[in-house]
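Quick note on numbering: my numbering labels position 416 of the sequence shown as 627, and the sequence is numbered without any gaps. Here a beta-carbon is modelled for each residue, glycine too, at the ideal position from N, C-alpha and C. Input: a single structure, listed below in structure tokens.
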Amino acid sequence: MIYQRSSALFAEAKKYIPGGVNSPVRAFKAVGGDPIFVKKAKGAYLYDEDGNKLIDYIASWGPLILGHAHEPVINAVVEKAQNGTSFGMPTEIETELAKLAISMVPNMDKIRFVNSGTEACMSAVRLARGFTGKDKIIKFAGCYHGHSDSFLIQAGSGAVTFGSPNSPGVTQGTAKDTLLADYNDLAGVKALVQANKGELAAIIIEPIAGNMGCIVPADDFMKGLRELCTQEGILLIFDEVMTGFRLAKGGAQEVLNIKADIVTYGKVIGGGLPVGAFAARTEIMDFLAPDGPVYQAGTLSGNPLAMSAGLAMLTELNNNPEVFKSLADKAEYLHKGISEVLINKKVAHQINRYGSMISVHFTDEAVVDFASSAKGNNETFKKYFHGMLERGVYLPPSAFESYFLNDALSYEDLDATINALKEIEL
Ligand code: PMP
């Protein structure tokens, strides 16, 4: 495939935008080469500026669970836009989306909308601090909760891809309140809690991690975290920006059967427009301004176009929950197909999967935390990534990212993907 025009557009973008992109992982730094510039997309396919058609496995990094330019979502946005795009005043649709979202997830009474997953996680932690009167939080190495200061401590995703899991610009003062634990290591968390007894506001976690590849929590780990938080009066924050409305109606809380104290959302809840949200029981949410003392706000929060996209998306998922099973079946098919090819090629690998999230790691060790994820062979990953791209398959351009399947993918697309892999020398 030819990517000439994309390369020319990238060269031009670099003159005016740092690194040519508005979010680092788009720049292909981890895999080399120039990024693909998209012209349009429909269903499971991207159409780039060179006229190539690509099978898409990132779906805008998760939001487009039903495929690109999904008609009910597009129609809702177009119709809404005719009446104006922003008012900075309350609108009925905010309550409609809030009501629906709360009805789909367990254990949440109220929800506040923001504009990104970053804002959702940042606000959730502030709320937890305000509610508990404590300062410290625990996060897990390799988990990513957006780019606000408190979270850029051993962060996953793009932060680790670019070698800055602890970003310059985050002050020592901020960093000292974020304590770090290893995913799936309950004993380590208990030791940290013991050493900081009475000082912890929250433990924040990706309940099924997606930013160091896909990592599933061990059974006892998540149950143990819940018990520990309850015992110690620490709020458990589930960052469901990736998993929310993707794994099931009720997200990871439902599939793991564990209730968090605060949950953050992003991606699917906005149907492809910029939306984040955080939710909790009334007692906690009433701590937020204007009723409570914890300040949080946004000029464009609850934006009508964004709300209409989210409402159309969640309405479809709520009415057709079989879509979650359909997605998981497709992911399983892809998992088996890729695994078979890699076994035939005698390439050491691990495939991690939960529902429609999946990641391929080129290592022979089980990938259960950040350290084991980082052992993946990046040279093999690069060959894999570019080999697939040459054959019209768009995968996440970093080994630390999960694929997000969308339900517009057909079994023919999955077969084409598996067949493309057969042709690649790794
Ligand atoms: N939390 C998780 C689990 C994420 O995966 C992401 C983004 N990939 C974020 C938070 C931040 O969301 P946003 O990029 O919308 O700020």
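The stretch 449 to 466 touching the stretch 476 to 489, judged by at least three CB pairs closer than 8 Å
yes
Compare the beta carbon distance of residue 312 and residue 488 with 8 Å and say whether it is the shorter of the two.
yes
Alpha carbon to alpha carbon, how far is residue 353 from residue 528?
29 Å
Where does residue 300 land, buried or exposed, given buried means 16+ other C-beta within 10 angstroms?
exposed
Would the C-beta of residue 356 count as close to the ligand PMP, meaning under 7 Å from any of its heavy atoms?
yes
Beta-carbon proximity list for residue 212, same chain, < 7 Å, skipping 5 on both sides:
263, 601, 603
Residues near residue 580 by beta carbon distance below 6 Å, same chain, minus five either side:
393, 394, 395
Pick from 524, 493, 531: whose alpha carbon is nearest that of residue 319?
493
Which same chain residues, not among the five before or five after residue 561, have their C-beta less than 7 Å away from its C-beta?
572, 574, 577, 578
Please state the DSSP three-state secondary structure of residue 281.
coil
Ignore the nearest five residues each way along the sequence and tell me which others in residue 254's own chain have a CB closer than 7 Å to its CB.
278, 279, 619
Starting from the Cα of residue 401, find the closest Cα among 534, 437, 588, 317 and give me that residue.
Comparing Cα-Cα distances from residue 401 to each of 534, 437, 588, 317, the minimum goes to 437.
Report yes or no: do the stretch 280 to 288 and the stretch 523 to 540 share at least 3 C-beta pairs separated by less than 8 Å?
yes
Every unbroken beta strand (DSSP E) inside the stretch 390 to 441 [3 residues or more]
411 to 416
Could you tell me if the beta carbon of residue 306 falls within a distance shorter than 7 Å of some heavy atom in the ligand PMP?
Within the chosen limit of 7 Å, the ligand PMP does not reach the beta carbon of residue 306 with any heavy atom.
In the DSSP assignment, what residue or residues form a beta bridge with residue 257?
252, 265
Would the beta-carbon of residue 332 be found less than 7 Å away from any heavy atom of the ligand PMP?
Within the cutoff, so yes.
For the beta strand (DSSP E) containing residue 347, list its first residue and its last residue.
347 to 351
Would you list the residues sitting across from residue 321 in a DSSP beta bridge?
491
Decide yes or no for the touch test of the stretch 416 to 426 against the stretch 378 to 389: beta carbon pairs closer than 8 Å, at least 3 of them.
no
Going by beta-carbon coordinates alone, are residue 367 and residue 333 separated by less than 8 Å?
no
In the DSSP output, what is residue 615 paired with across the bridge?
568
Quick check on residue 530: buried or exposed, where buried means 16 or more other Cβ atoms within 10 Å of its Cβ?
exposed
At what residues does the alpha helix (DSSP H) containing residue 454 begin and finish?
In this chain, residue 454 is not harboured by any alpha helix (DSSP H), its DSSP state being neither H nor E.
For residue 447, three-class secondary structure by DSSP:
strand
Pick helix, strand or coil for residue 563, following the three-state DSSP scheme.
In the three-state scheme derived from DSSP, where H, G and I count as helix and E and B as strand, residue 563 is classed as strand.
Going by DSSP in three states, residue 505 sits in which element: helix, strand or coil?
strand
Would you say residue 228 and residue 615 are within 8 Å of each other, going by their C-beta atoms?
In this structure, residue 615 does not lie closer than 8 Å to residue 228 by Cβ.
Simplified DSSP state of residue 579, which is helix, strand or coil
coil
Three-state secondary structure (DSSP) of residue 302:
coil
Alpha-carbon spacing of residue 257 relative to residue 248, whole angstroms
10 Å
Supposed contact pair residue 389 and residue 350 - C-beta distance, whole angstroms, cut 8 Å
At roughly 6 Å, the Cβ-Cβ gap stays under 8 Å, so residue 350 and residue 389 are in contact.
Cβ of residue 327 within 7 Å of any heavy atom in the ligand PMP?
yes
Reference residue 624, options 275, 391, 265, closest by Cα:
265
Identify, in the order they occur along the chain, each residue of the same chain with its Cβ nearer than 6 Å to the Cβ of residue 237, setting aside the five sequence neighbours on each side.
246
Simplified DSSP assignment, three categories, for residue 635
In the three-state reduction of the DSSP assignment, residue 635 falls in the coil class.
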